[in-house]
Amino acid sequence: MTQQVLADAAACTDAVGSATGKPRPDTAGPLQVPGLAYGGDYNPEQWPEEVWAEDMRLMREAGVTMVSIGIFSWAFLEPAEGRYEFAGLDRILGLLEQNGIVADLATPTAAPPAWFFRSYPDALPVDRDGRTLWPGSRQTFCPSNPAYRRAALRIAGVLAERYADHPAVAMWHVHNEYGCHNAACYCDTSAAAFRTWLRRSYDDDLAGLNHAWGTTFWSQRYQSWEEILPPRVTGADPNPTHRLDWRRFCSDELLSLFIDERAVLRQAAPHRPATTNFMVMQNFDALDYWRWAPHLDIVSNDHYLISTDPEPQIDIAMSGDLVRSLAGGRPWLLMEHSTGAVNWQHVNRAKRPGEMYRNALAHVARGADGIAFFQWRAAKAGAEQWHSAMLPHAGTDSSVWQDVVRLGADLKALAEVKSSVNPAQVAIVWDWPARWALELPSQPSGAIRYQTLVRDWYAALWEVGIAVDFVRPDSFPHDRYPLVLVPSLYLVDDAGAANLAKVAECGGTLAVGFHSGAVDENCHVRLDGYPGAFRRVLGIRTDELFPLLPDEIHELAGEVPPGATARLWSERVRLDGAEAVASYAGGPLAGGPAVTRHAYGTGTAWYVATCPDRTTLADLLHRICQEAGVRPEPGIPGGVEVARRRGADADYLFLIDHAGLGADVAAEGVELLTGKEVNGLVSVPAGGVAVVRVPH
Ligand code: GAL
1427 MTQQVLADAA ACTDAVGSAT GKPRPDTAGP LQVPGLAYGG DYNPEQWPEE VWAEDMRLMR
1487 EAGVTMVSIG IFSWAFLEPA EGRYEFAGLD RILGLLEQNG IVADLATPTA APPAWFFRSY
1547 PDALPVDRDG RTLWPGSRQT FCPSNPAYRR AALRIAGVLA ERYADHPAVA MWHVHNEYGC
1607 HNAACYCDTS AAAFRTWLRR SYDDDLAGLN HAWGTTFWSQ RYQSWEEILP PRVTGADPNP
1667 THRLDWRRFC SDELLSLFID ERAVLRQAAP HRPATTNFMV MQNFDALDYW RWAPHLDIVS
1727 NDHYLISTDP EPQIDIAMSG DLVRSLAGGR PWLLMEHSTG AVNWQHVNRA KRPGEMYRNA
1787 LAHVARGADG IAFFQWRAAK AGAEQWHSAM LPHAGTDSSV WQDVVRLGAD LKALAEVKSS
1847 VNPAQVAIVW DWPARWALEL PSQPSGAIRY QTLVRDWYAA LWEVGIAVDF VRPDSFPHDR
1907 YPLVLVPSLY LVDDAGAANL AKVAECGGTL AVGFHSGAVD ENCHVRLDGY PGAFRRVLGI
1967 RTDELFPLLP DEIHELAGEV PPGATARLWS ERVRLDGAEA VASYAGGPLA GGPAVTRHAY
2027 GTGTAWYVAT CPDRTTLADL LHRICQEAGV RPEPGIPGGV EVARRRGADA DYLFLIDHAG
2087 LGADVAAEGV ELLTGKEVNG LVSVPAGGVA VVRVPH
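This note's numbering numbers the first residue of the sequence shown as 1427 and each following residue consecutively.
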């Protein structure tokens, strides 16, 4: 299909003009923006043309260097099928070029126009209940629909040919937030695509699928591939492996759309890097980004705060560390965040004074080489009219605008930070299929949330400034990190389990959270005691799980702080070589181990068999770090976030005051935001940020 679509795209291109014929490099280069990129989504087609000149003037005033354009411009560019109108986009790109601003030019495929659905109503997505979702917003298409794929690749190809050599175009922005609104479609076309994916994944072996899905249970055996459907709404609990494979399929199906669009762009413009904006943030879990990231030239992410989150700064840091890890440790771009309120939560909180500034620099501290917002100019009309922007409804006489201008100037002052990396001695295991499996129905407890478990462990390290990378269970050399944390890994295959065990066996420290290692990659329980895959390395054996009711709390005794408690989960652990570090002081498991430590090989393996309260968990993890030889950044006062980027000649020490009290921190070098020499102590302003260049 891809070949046919490429041919279609090439045919269209001849009709609208093509590239200049100059020789081009045949691989994607880096993003050509001086210093750290700064900007936002720019939607000038939503405004009369007179406004564009003012946009340019104000972008220059704010220090904007890159804007994402055309993200939702499909109807503007192709008002009827096969009829293209590029005069508007030509003028916009021309203006950007004249003003020294580069474009991150999008393929507009996240919002098919009304004409498309009129001609191809079968492309509308269907939800789990069998309801068709109608046009009228965005991403209302079925990812497997051939007509959608053809139309998307055609407009991508036409754009690529036309703008491949345009001097203002620095990067391709493919689609927008894949899967944000249509992560799964349950229509018959999707059902067929699911079967194709399954046949490929199971080497056409239906017996193998029946075994993997455990279909002898409840008479679910399939006699033919045609009998297999998406996991549509059904009466009782669904088959877990069916659901898990469905999630894998949905992620892969959207990834194939990206790969196909990327191929079209690469064919016309191999020298231009391409990205698509990920959504590594707490309320999105649809895509296995470990599988996506290798296909991007530059990894970029969107991050929004959740109004009810009391500590959004931890969410930002964790998201940034995970995105950087997806990028293989290389710098990445923050493609979207907000200057203030969003419009899609129940109550949309504006940011407090200084919060946007701290947020933006916190992303830079975690490895971002560019900071952008949704969006440049606040909309007057449409569903996002109450979403904040760089240029608010109030105009330039506003504190948001002042903050935007200041941020632009300060990012300029941080230009030398570009391309530096974030060294880390600790790895945290993060795995999307393990997350999906843990949150399937029919678990021992429905109260467990993967994101929360990982964040609780992450927070303990964040508080003391211990840097982390995220890894997949089997994707890293076992001797790369002295300490590997596994807050939650319900599902793990044998290779992942073996790699993690080797960490301890070969002298490192491994710490594993409860209900990990329980099932294999097919969601089959590992027999002979929990936590199946890690029993040996942890030196324990659990014979029964005791999840706790919502308000059930048990006290802990042993090597724990006074008043230590456990909630959410407990299990009857028998020591099989390990020692108990903490045990239950009451409840049905009184006296039984709650935290264990096992000398294994030449290293150590810990098991945290419950969910300790925050202080207890932090105390435990700090002890584990210390024993593993991992030291926090010294002398950082509470409430101050610290992160370090390493350049060729210097480290860049980021200090962000979230407590609003200001602080003096020991450092030597130059504070880049003020340009002042630091001889011994740097002052972090109350609610502000300091960045010290510390020469090696
Ligand atoms: C993102 C999206 C943007 C805009 C923004 C609002 O998910 O990519 O187009 O809708 O949310 O917060």
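Backbone N, C-alpha and C fix where the C-beta goes; we use that ideal spot for every residue, glycine too.
Everything numeric in this text was worked out from a predicted model, so none of it was measured.
Leu2001: first and last residue of the uninterrupted beta strand (DSSP E) it sits in: From DSSP, the beta strand (DSSP E) with Leu2001 extends over Glu1997 to Leu2001.
Could you tell me the alpha carbon to alpha carbon distance between Pro2063 and Asp1723, rounded to whole angstroms? 38 angstroms
Using the three-state DSSP reduction, which class does Val1826 fall into: helix, strand or coil? helix
Phe1684: beta carbon under 8 angstroms from a heavy atom of the ligand GAL? Because no heavy atom of the ligand GAL lies under 8 angstroms away, the Cβ of Phe1684 does not count as near it: no.
Below 9 angstroms between beta carbons: does that hold for Tyr2033 and Ala1930? No, the pair does not count as a contact, with Cβ atoms beyond the cut-off.
By Cβ distance, which residues of its chain are closer than 7 angstroms to Met1816, with the 5 residues on each side in sequence left out? If we look at Met1816 and ignore the five residues flanking it on each side, its Cβ neighbours are Gly1466, Ala1488, Thr1765, Phe1799, Trp1802 and Val1830.
Please list, in chain order, all residues of the same chain as Asp1630 whose beta carbon is under 8 angstroms from its beta carbon, the five residues on each side excluded. none
How about Glu1889 and Val1918: are their beta carbons less than 9 angstroms apart? Val1918 sits away from Glu1889, with the two beta carbons spaced by 9 angstroms or more.
Nearest to Glu1679 by alpha carbon, out of Ala1794, Pro1973, Ser1627 and Arg1784? Ser1627
What is the rounded straight-line gap between the Cα of Pro1976 and the Cα of Glu1997? Straight-line Cα distance between these residues: approximately 16 angstroms.
Could you give the C-beta distance for Gln1739 and His1980, rounded to a whole number, given that I count them as a contact under 8 angstroms? 31 angstroms between Cβ atoms; not a contact.
Buried or exposed for Ser1645, going by 16 or more other Cβ atoms inside 10 Å? exposed
Residue environment, Thr1660, which counts as buried when at least 16 other CB atoms sit within 10 Å: Classification for Thr1660: exposed.
State yes or no: is the C-beta of Tyr1730 nearer than 8 angstroms to some heavy atom of the ligand GAL? yes
Is Ala1437 helix, strand or coil by DSSP? The predicted position of Ala1437 is uncertain, since its pLDDT is 35 and thus under 50; a value taken from the coordinates is nonetheless stated next. It is helical.
Is Trp1560 near the ligand GAL - that is, is its Cβ less than 8 angstroms away from at least one heavy atom of it? Not so, every heavy atom of the ligand GAL lies at least 8 angstroms from the Cβ.
Given the structure, does Ile1497 come close to the ligand GAL, in the sense that its CB is under 8 angstroms from one of the ligand's heavy atoms? The beta carbon of Ile1497 sits closer than 8 angstroms to at least one heavy atom of the ligand GAL.
Taking only the alpha-carbon atoms, compute the straight-line gap between Gly1508 and Gly1958 and give it to the nearest angstrom. 57 angstroms
Is the beta carbon of Phe1800 within less than 8 angstroms of some heavy atom of the ligand GAL? Taking the Cβ of Phe1800 as the reference point, at least one heavy atom of the ligand GAL falls within a distance shorter than 8 angstroms.
Between Phe1567, Asp1481, Val2120 and Tyr1546, which has its C-alpha nearest Glu2103's C-alpha? Val2120
Check this for me: beta carbons of Arg1784 and Val2115, under 9 angstroms apart or not? In this structure, Val2115 lies closer than 9 angstroms to Arg1784 by Cβ.
Would you report the Cα separation of Gly2055 and Leu1909, rounded to the nearest angstrom? 9 angstroms
Three-pair Cβ contact test at 8 angstroms for the stretch 2060-2076 versus the stretch 1847-1862: yes
Alpha carbon to alpha carbon, how far is Glu1970 from Val2007? 20 angstroms
Give me, in chain order, the residues of the same chain whose beta-carbon lies closer than 6 angstroms to that of Asp1839; leave out the 5 immediate sequence neighbours on both sides. The displayed chain sequence assigns Ala, not Asp, to residue 1839. Around Ala1839: Leu2098 and Leu2099.
Check Cys2037 in the structure and name its three-state DSSP category. strand
With a cut-off of 8 angstroms on the beta carbons, I'd call Glu2059 and Thr1935 a contact; round off their distance for me. Not a contact, Cβ separation roughly 20 angstroms.
Just grab the DSSP bridge partners of Glu1762 for me. Asp1728
Can you tell which of His1763, Thr2028, Val1749 and Ala1700 has the C-alpha that lies nearest to the C-alpha of Leu1731? Looking at the Cα atoms, His1763 is the closest of the given residues.
Taking 8 angstroms as the cut-off, is the beta-carbon of Asn1769 closer than that to any non-hydrogen atom of the ligand MG? Because the ligand MG does not appear in the structure shown, any question about it cannot be addressed here, the ligands present being the ligand GAL.
Residues in its own chain within less than 8 angstroms of Ile1685 by CB, not counting five upstream and five downstream? So the qualifying residues of the chain are His1721.
Taking only the alpha-carbon atoms, compute the straight-line gap between Ala1695 and Pro1572 and give it to the nearest angstrom. 24 angstroms
Helix or strand or just coil, what does DSSP make of Ala2054? coil
What does the Cβ neighbour count give for Val2021, buried or exposed, with the cut at 16 atoms within 10 Å? buried
Exposed or buried, Gln1708, counting other C-beta atoms within 10 Å across all chains shown (16 or more means buried)? buried
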